[in-house]
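Numbering (my numbering), first residue to last: 7 to 274.
Structure representation (structure tokens):
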């Protein structure tokens, strides 16, 4: 398999667009008192704050649900999510982007930011599937089918966690795939398949599940698959450290875990 997308290219691109990354806000009320100190939720002891959480693209749908649930249970706290490929998020952290917590789709990216984060904890796991057009018109049944040069296969770039997992499982099966494009995150891979611009792509199981009317998911046997782990950590530059820590800890609670598992994520 030939990959030409490099971390230098990704970082350069991020540097140019970091300020343009859209934020999805669950709320917008100011949560600090006039003295600038963090206020506290009445009777709970949990600090109130407006939190910004950098999160892997594959968490887009589930985190919108989780954020709403957290805000409901913690009045006065508002969470804004910024979703992108984990490598893009890492570049933003390295460039000092203002944020309070980080959740990546692999431990390698998080480990590389050890001097910038608190101690990470795994909050969920995921696995890969082959995404095809609805009805699987090309009759793709297994990984080796992706080697067919007549197929338009799209993959994530190898610097992206899902791209790295994809390369790992294809290399392990000695399958050579020549992708028509290499995308910056898993949602971009899924979009190509949804729009019919690709016949197939490797994505997380949970991403394929977000578009059941547009794509089919071909399961990959456990022996040929890879497991993605999602670590979450606070950022040392956070101005809302106590509130950020409370949110990160909440992600491992039964309430949050039910949201993840209902969305198809595996237990950590």
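Glycine included, every Cβ here is placed at the ideal spot set by N, Cα and C.
Since the structure is predicted, the reported quantities are computational estimates derived from the model, not experimental observations.
Mapping the DSSP letters down to three states, classify residue i as helix, strand or coil.
i           : result
residue 92  : helix
residue 168 : helix
residue 128 : strand
residue 63  : helix
residue 87  : strand
residue 187 : strand
residue 223 : strand
residue 111 : coil
residue 175 : helix
residue 149 : helix
residue 230 : helix
residue 163 : coil
residue 105 : coil
residue 97  : helix
Which residue from the options puts its Cα closest to that of residue i?
i           : options            : result
residue 259 : 124, 76, 149       : 76
residue 127 : 72, 109, 215       : 109
residue 180 : 200, 132, 151      : 151
residue 115 : 82, 61, 146        : 61
residue 201 : 211, 86, 217, 191  : 217
residue 191 : 215, 265, 111      : 111
residue 54  : 265, 272, 250      : 250
residue 103 : 117, 122, 273, 113 : 122
residue 236 : 145, 188, 273      : 273
residue 268 : 254, 117, 69       : 69
residue 107 : 203, 262, 254, 261 : 254
Please report the residue range of the alpha helix (DSSP H) in which residue i lies.
i           : result
residue 68  : 66-79
residue 198 : 192-200
residue 235 : Run containing residue 235: none in the alpha helix (DSSP H); it sits in the beta strand (DSSP E), 233-240.
residue 214 : 211-214
residue 2   : Outside the displayed span of the chain (7 to 274) sits residue 2, for which this structure offers no information.
Grab the span of the beta strand (DSSP E) containing residue i for me, first residue to last.
i           : result
residue 249 : Taken as a continuous stretch (DSSP letters only), residue 249 belongs to no beta strand (DSSP E), being part of the alpha helix (DSSP H) at 247-256.
Within a Cβ cutoff of 8 Å, which residues of the same chain sit near residue i, ignoring the five residues on either side of it in sequence?
i           : result
residue 105 : 58, 59, 60, 88, 98, 99, 241, 243, 244
residue 149 : 136, 175, 176, 179, 181, 226, 230
residue 219 : 140
Report all residues from its chain with a CB closer than 6 Å to the CB of residue i; omit the five preceding and five following residues, and keep chain order.
i           : result
residue 214 : 135, 137, 221, 223
residue 257 : 129, 238
residue 67  : 216
residue 36  : Only weak support is given to the placement of residue 36: the predicted model assigns it a pLDDT of 37, under 50, and the value that follows is read from those uncertain coordinates. Excluding residues within five positions, none has a Cβ falling inside 6 Å.
residue 124 : 239, 240
residue 155 : none
residue 113 : 235, 237
residue 199 : 137, 207, 221
For residue i, which residues of its own chain have a beta-carbon under 7 Å away from its beta-carbon, when the five flanking residues on both sides are left out?
i           : result
residue 270 : 211, 212, 215
residue 265 : 68, 71, 72, 75
residue 63  : 89, 90, 91, 191, 192, 193
If you measure from the CB of residue i, is any heavy atom of the ligand COA nearer than 6 Å?
i           : result
residue 220 : No copy of the ligand COA occurs in the structure displayed, which carries no ligand at all.
(request) Would you check if the stretch 158-169 and the stretch 89-102 touch, i.e. whether three or more CB-CB distances between them fall below 8 Å? (result) yes
(message) Within 8 Å, do at least three Cβ pairs link the stretch 222-231 to the stretch 170-184?
(response) yes
(request) Could you tell me whether the stretch 183-196 touches the stretch 205-212, where touching means 3 or more Cβ pairs closer than 8 Å? (result) yes
(request) Could you tell me whether the stretch 151-160 touches the stretch 241-250, using the rule of 3 or more Cβ pairs below 8 Å? (result) no
(request) Flag this pair as touching only if the stretch 77-88 and the stretch 129-138 have three or more C-beta atom pairs under 8 Å; answer yes or no. (result) no
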